[in-house]
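Structure, rendered in structure tokens:
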């Protein structure tokens, strides 16, 4: 099992550009989520999904879109990048009480 | 609204000394509490959860509902314990969203 994988590992964008952060899991978990990690603020939930075709907003959803067409994939789209979106992004999938995290994507928006 | 507070951003102890990482929460329902750990250049992973009442790598944490706390303790810190520690709360009645604290960076000095 590869577990939870994320691509890319690093990305630099200019303000206004769009991009998609990829997340995939091979554990057949129904629940997946996206977090951003900022210094002094811990991890904050952006969006989550309880299964294919079902998504919902978390604490900080503005500026991000998600979709869940398959159980395995849960991409996060930045529609028009802003410097405030500079962060480390983590994808996670969940089974029972345990969340399994990906390695993260470090995004810088100039 | 649920909230998790970790009052210490940084904590340094000497090897062999006891360590306590503080976590307080506010939630009116029946919470589930967790500790997650992120070692340098590794992904975030579950350390322990209150419902299991387990000891992992010498760490324990007791849920104190009266004080709304879930402090993480270890009697004798080791250098390999140096990491970022996050306390997290889940609404037992909801989907699997976690609310994270802001994290405590623990450094164990030789």
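Residue numbers (this note's numbering), protein chains in the order written: chain A, 1 to 110; chain Z, 1 to 110. All C-beta atoms, glycine included, are put in the ideal place defined by N, C-alpha and C. None of these values were measured; they are calculated from a predicted model.
State the Cα-Cα distance for the pair residue i and residue j, rounded to the nearest angstrom.
i	j	result
residue 109 of chain Z	residue 43 of chain A	26 Å
residue 12 of chain Z	residue 73 of chain Z	14 Å
residue 15 of chain Z	residue 64 of chain A	43 Å
residue 89 of chain Z	residue 13 of chain A	33 Å
residue 35 of chain A	residue 18 of chain Z	32 Å
residue 71 of chain Z	residue 93 of chain A	26 Å
residue 56 of chain A	residue 77 of chain A	14 Å
residue 84 of chain Z	residue 106 of chain Z	6 Å
residue 1 of chain Z	residue 10 of chain Z	26 Å
residue 39 of chain Z	residue 8 of chain A	21 Å
residue 35 of chain Z	residue 44 of chain Z	10 Å
residue 50 of chain A	residue 20 of chain Z	35 Å
residue 22 of chain A	residue 74 of chain A	7 Å
residue 54 of chain Z	residue 62 of chain A	38 Å
residue 70 of chain A	residue 25 of chain A	10 Å
residue 97 of chain A	residue 96 of chain Z	8 Å
Establish whether the CB of residue i and some CB of chain A are separated by less than 8 Å.
i	result
residue 51 of chain Z	yes
residue 100 of chain Z	yes
residue 44 of chain Z	yes
residue 97 of chain Z	yes
residue 57 of chain Z	no
residue 54 of chain Z	no
residue 32 of chain Z	yes
According to DSSP, residue i sits in a beta bridge with which residue or residues?
i	result
residue 29 of chain A	The partner list for residue 29 of chain A (beta bridge, DSSP) is empty, contrary to what the question assumes.
residue 87 of chain Z	Z:35
residue 22 of chain A	A:7
residue 105 of chain Z	Z:10 and Z:84
residue 64 of chain A	A:78
residue 51 of chain A	A:54
residue 42 of chain A	A:38
residue 99 of chain Z	Z:89
residue 25 of chain Z	Z:4
Establish whether the CB of residue i and some CB of chain Z are separated by less than 8 Å.
i	result
residue 94 of chain A	yes
residue 107 of chain A	no
residue 62 of chain A	no
residue 48 of chain A	yes
residue 51 of chain A	no
residue 99 of chain A	yes
residue 43 of chain A	yes
residue 103 of chain A	yes
residue 40 of chain A	yes
residue 58 of chain A	yes
Assuming residue i and residue j make a contact with CB atoms under 8 Å, what is their CB distance in whole Å?
i	j	result
residue 15 of chain A	residue 82 of chain A	6 Å
residue 95 of chain A	residue 32 of chain A	No, residue 95 of chain A and residue 32 of chain A are not in contact; Cβ-Cβ is about 11 Å, not under 8 Å.
residue 87 of chain A	residue 107 of chain A	6 Å
- Item | Length at least 3, wholly inside the segment 34-73 of chain Z: the beta strand (DSSP E) runs in chain order | List check, beta strand (DSSP E) in window: 45-49.
- Within the segment 79-106 of chain A, note down every full beta strand (DSSP E) run reaching 3 residues or more, in order along the chain. Entirely contained in the segment 79-106 of chain A, the beta strand (DSSP E) runs reaching 3 residues are, in chain order, 87-95 and 98-101.
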